[in-house]
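Below: one structure, written as C-alpha cells.
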Amino acid sequence: MRPSSRSGGLSGARPGPEPASGVPPTPPGRLLLVVLAVTAAATATAAAFGLAEATAIAGLGALFGLTAGVGGPLRSDLRLMSWCGPLLVVALAAGPVVNQVPALAVAVPTLAVLTATVVPLLGWRLELAGGAVLAAVVLSSATGIGAGLSVALRLAVAALGVAFAVVLRVVFGGRDPSATTRRAVAAALTDREPRVLADAVVVWRSDGAPAWLGEALAGAAAMRVARSELEDRLGGLALPLAERMRVVLAEADRVAAQLAVAVRARSSRALPMVDLFTQHVDALRAVGVSSDVLRLIDGLAAGLGQVRRGLADRERGTAEPVPRPRAAQLLGEELRALVTPRSALSRHAARCTLAVLVGALISTWWHSPYASILVMSIFAVLRPMHRDSASVALQRAAGMMLVVGVAAVIGSFTPAPLLVAAFVVLGVVGFPLLQRSHTALTGLLTALVVVLRDVTRTAAVPDLVIGFLTSAAIGATLALAMGYLTLPRPRSNLVDRVRGTMEVVRGLAGVLIEGGAPDAVRAAHAMAIRRTRDLAAFIDRVEDEAEEQRKVAKEAAAALDAVRIALRELAELRSDDRAGVLPALRYARTLLAPPDGRPVRTEFHLPEAGPWPAVLAAQVVVAEALTVHHAALRLEHD
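In my numbering, the protein residues as written are 6 to 643.
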C-alpha cells in the first residue's frame, strides 16, 4: 500500500510551506524581531528601576496572551481574547490573594487543573487558550507574584501585557484576516496528511464559515477521496490503462495545485484551465474502464469543478451561507458521555486533580519559599490536558529537575530584575515554540518561579539548590505516583482497540442510515464518544507497541473522531436533507467494517447535491472513513 493511498491525500502534490491547520502558525521572522526590540526595551527600562515583579506580571500577560490569542483566523482570535484576556488579567493579578489565603491556595489550582482536563474536548484552538489560563493560575497562585504591588497596579500591568499581545495579534494578521482559513482549505487540496481535511473544517467554521470557502472545501474533500481510491485501483488495471490513469491523476494534481494557489491568494485570481484534464479523461473513457472506476473519475472531476465554482462564487459573491451546527449542545453531550467512571478522561481528571490537591496541601502546610515550586512541578510532569506514557513523564520529570537546579544556581549570582527581564523577553519572542511544547513552556515557567521566589540570597548556594530540588522532587514523585504508577496495565492490543472503536462508530452510522430515533442516535453517539476518547488515551499510555504501530493507530483514532463528529452534525439535520447523502454514508459504513486484509471493493459513492451542511459533513465522513480503513489495513499487516 502506497503512503498516499493510506492518507487519502494527493500523491503528486507536494505539501506547501504553510503550517498544518491544527498547528498554530508562526509569525514572520521580521515581526518577531520587532517584538524582540519592543519587549527588550520595555523590560530593560523596568529592570533598570528595579521593577522585577511589575515586569514579570506584564511580561507574563504578554506571553500568555500570545500563547492563547495567536493560532486561528484573526476574527476568531480576537473573539477568543475578548473573554480569555480578562481571565488572564485576573489570574495574574490575584496571585497574592490566593497565595495568602490557605483555602484559596489549595482550591484555586485544584479547580483549574480539573477544568483543564476537559478543555481538549473544545478543540486544539481553545486548548491553547485553556492551557495559557491554567499556566497563569498555577504560576500566580504558587508564587504570589506582585505581593509588593497594589491590586490596582497588578491589574494595570497585567492588562498592559495582555493588551500588548492583542496589538501584536492584529499586527500579525491585520492586513489579511482570513489568511489562516484560506491556507487551511488550500492545504486540503494538496497536503497528504490525513488529518488536514478535518482540521480545515474546524478552522473554516471558526472563521464564520465563509460560503465560498465551504464550497471549495467540499470539493477538496470529494477530490481527495476519489483521488486516493483511483490510486488504490491502479494495481488491478492492465498496464496501458494504468499508464493512462496515472496521466489523468498527474493532471488532476496539477489543477489542484493551481486551485490551491488561487484559494490562498488574498484576492481573486484567474482560474486554472481544465481542458487538458478533460481531454485525458475523455481518452480514458474511450478505451473502456469499469463503471466503478468511471464513477471515481466523475467524483474527481466533480471535486475539481466544485472548487472552481467556489472560487467563482468568491468573485461574484453569490455563494449561499452555511448554517452553523449547535456546538453547545454537542459539547454538552460529550461532557455527559465522558463524566463516568468508565471513561478514561474521567479517570485521568481524577488522578490529576488528586495529585494537585495533595501537592497544594503540602505546599500550604510547608511554610518555605522552596514550596512554591511543588505545584508547578506537578503541573510540569502530569501535563493535565494530555495523557502520556510513564517513560515520557519520567523524561519530563528529569528535565524539570535539571531546570530547577540550574535556575537556582544562576539565581543566586544574578540580580532578579535582570533575570526576570531576560525570561520575559525569551518567553514573548519564543511564544510559537511554547505553544507547541508543554515541556518548553513549563521549563520557562519553572525557572521563573525559582527566580521570583529566591528570597534567601544570603543562603549558601548548595542549601539553595537542595531546597528547591527537594520541593521539586516531592512534586514530581506525587505526579508520577498518582498519574502513572497507579494505572492498570492495558489488557488489549492496539489492533483490538482500533477494531472495537471502528465497530462502535460504524454502529452510529448505521443508526443514522436507518433513521433511528433521536434517543437512539444520542445513545450511539455517547458510546462513540467514550470509545474514541478511550482509544486516544490507550495509545498515549501503551509502551510495548512499535512506534510505527502507535503512529498508525493515532491516525486511525483521529479519523474516527472526525467521523463521529461529522455523523453527529448530520443527525441534527432533517431526514429529507440527509436523503441525498445516504448512499455515501452506506459506503462509509462499509469502509468502517473490520478489514480482512483486502481493499474495499464495494460501489464507490460521494454525496450528491443537497443542503450544504449535509453534503460537506458526508464528504468528511467518507474521506475520514477511508483514512480509517487504510490505517486499519496497515495495523493488520504490520
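Just so you know, even glycine gets a beta-carbon here, dropped at the ideal spot from N, CA and C.
Next on the checklist: Can you look up G293 in the DSSP assignment and give me helix, strand or coil?
Outcome noted: coil
Item to check | Completely contained alpha helix (DSSP H) runs for the stretch 436–477, where each covers 4 or more residues | outcome: Every alpha helix (DSSP H) stretch that sits fully inside the stretch 436–477 and reaches 4 residues is listed by chain position as 436–441 and 443–457.
Item to check | Backbone secondary structure at W371 - three-state DSSP | outcome: coil
Item to check | Euclidean distance between Cα positions of A402 and G100 | outcome: 25 Å
Checklist entry - Taking the alpha-carbon positions, what's the S382 to E338 distance? => result 33 Å
Item to check | Distance CB(Y375)-CB(G521) smaller than 8 Å | outcome: no
Item to check | F436 versus A255: straight-line alpha-carbon distance, rounded | outcome: If you take the alpha carbons of F436 and A255, they lie about 40 Å apart.
Checklist entry - Under the three-state reduction of DSSP, which class applies to E550: helix, strand or coil? => result Residue state, collapsed to three classes: coil.
Next on the checklist: Can you confirm whether the stretch 192–206 touches the stretch 146–165 when touching is taken to mean that 3 or more C-beta pairs between the two stretches lie within less than 8 Å?
Outcome noted: Judged by Cβ distances under 8 Å, the stretch 146–165 makes no contact with the stretch 192–206, as fewer than three pairs qualify.
Next on the checklist: Please report the distance separating the alpha-carbon of A247 from that of V253.
Outcome noted: 10 Å
Item to check | L235 and L133 closer than 8 Å at C-beta | outcome: no
Next on the checklist: Our contact map puts A170 next to V429 with C-beta atoms below 8 Å; I'd like the distance itself, whole angstroms only.
Outcome noted: Actually they do not touch by this definition, with Cβ atoms about 12 Å apart.
Checklist entry - The alpha helix (DSSP H) spanning P107 covers which residue range? => result P107 to A121
Checklist entry - Which residues mark the beginning and the end of the alpha helix (DSSP H) in which A191 is found? => result A184 to T195
Item to check | For V503 and A561, believed in contact at Cβ under 8 Å, the rounded distance | outcome: 5 Å
Item to check | Local conformation of S351 per DSSP, three classes | outcome: The three-state secondary structure of S351, taken from DSSP, is helix.
Checklist entry - Which residue from D258, A558 and L242 puts its Cα closest to that of G5? => result The structure shown has nothing for residue 5, since the chain only spans 6 to 643.
Next on the checklist: Rounded to the nearest angstrom, what separates E553 and L499 at their Cα positions?
Outcome noted: 12 Å
Checklist entry - Rounded to a whole number of angstroms, what is the C-alpha to C-alpha distance between L116 and R388? => result 15 Å
Checklist entry - Out of V568, R583 and G585, which has the shortest C-alpha to C-alpha gap to D594? => result Before going on, a small fix: residue 594 reads as Arg here, not Asp. Checking every option, the nearest Cα to that of R594 belongs to V568.
Item to check | Start-to-end residues for the alpha helix (DSSP H) that takes in Y592 | outcome: L587 to L596
Checklist entry - Do P477 and V409 have their C-beta atoms closer together than 8 Å? => result In the sequence on display, residue 477 carries Ala and not Pro. Yes; because the gap between Cβ atoms is below 8 Å, this pair is in contact.
Checklist entry - Looking at C-alpha atoms only, which residue of G512, A541 and V547 is the closest neighbour of L596? => result Measuring from the Cα of L596, the nearest candidate turns out to be G512.
Next on the checklist: According to DSSP, is P91 part of a helix, a strand, or is it coil?
Outcome noted: Correct three-state label for P91: helix.
Checklist entry - Who are the near neighbours of G153 in its chain, counting only those whose CB is closer than 7 Å to its CB and skipping five residues on each side? => result Taking C-beta separations shorter than 7 Å and ignoring five residues to either side along the sequence, the partners of G153 in its chain run E58, following chain order.
Checklist entry - Measuring CB to CB, does L281 end up less than 8 Å from L316? => result no
Next on the checklist: DSSP three-state label for A247, please.
Outcome noted: helix
Next on the checklist: Less than 7 Å between C-beta atoms, sequence neighbours within five positions excluded: which residues of the same chain meet that for R269?
Outcome noted: Result list for R269: R187, R188 and A191, in chain order.
Item to check | DSSP three-state assignment for D204, whether helix, strand or coil | outcome: helix
Checklist entry - Could you give the C-beta distance for L439 and T72, rounded to a whole number, given that I count them as a contact under 8 Å? => result Confirmed, about 6 Å.
Checklist entry - Hey, how far is the Cα of T283 from the Cα of A307? => result 11 Å
Checklist entry - Does the separation of the CB atoms of G488 and A365 fall below 8 Å? => result no
Item to check | Where the alpha helix (DSSP H) containing D581 begins and where it ends | outcome: S580 to R583
Next on the checklist: Spatial neighbours of V466 within its chain, please: C-beta separation below 6 Å, excluding the five flanking residues on both sides.
Outcome noted: S417
Checklist entry - Roughly how far, in whole angstroms, is the beta-carbon of A226 from the beta-carbon of V625, given that I think they are within contact range, below 8 Å? => result 6 Å
Item to check | Residue interval of the alpha helix (DSSP H) (run including I690) | outcome: Since the displayed the chain opens at 6 and closes at 643, residue 690 lies outside it and no answer follows.
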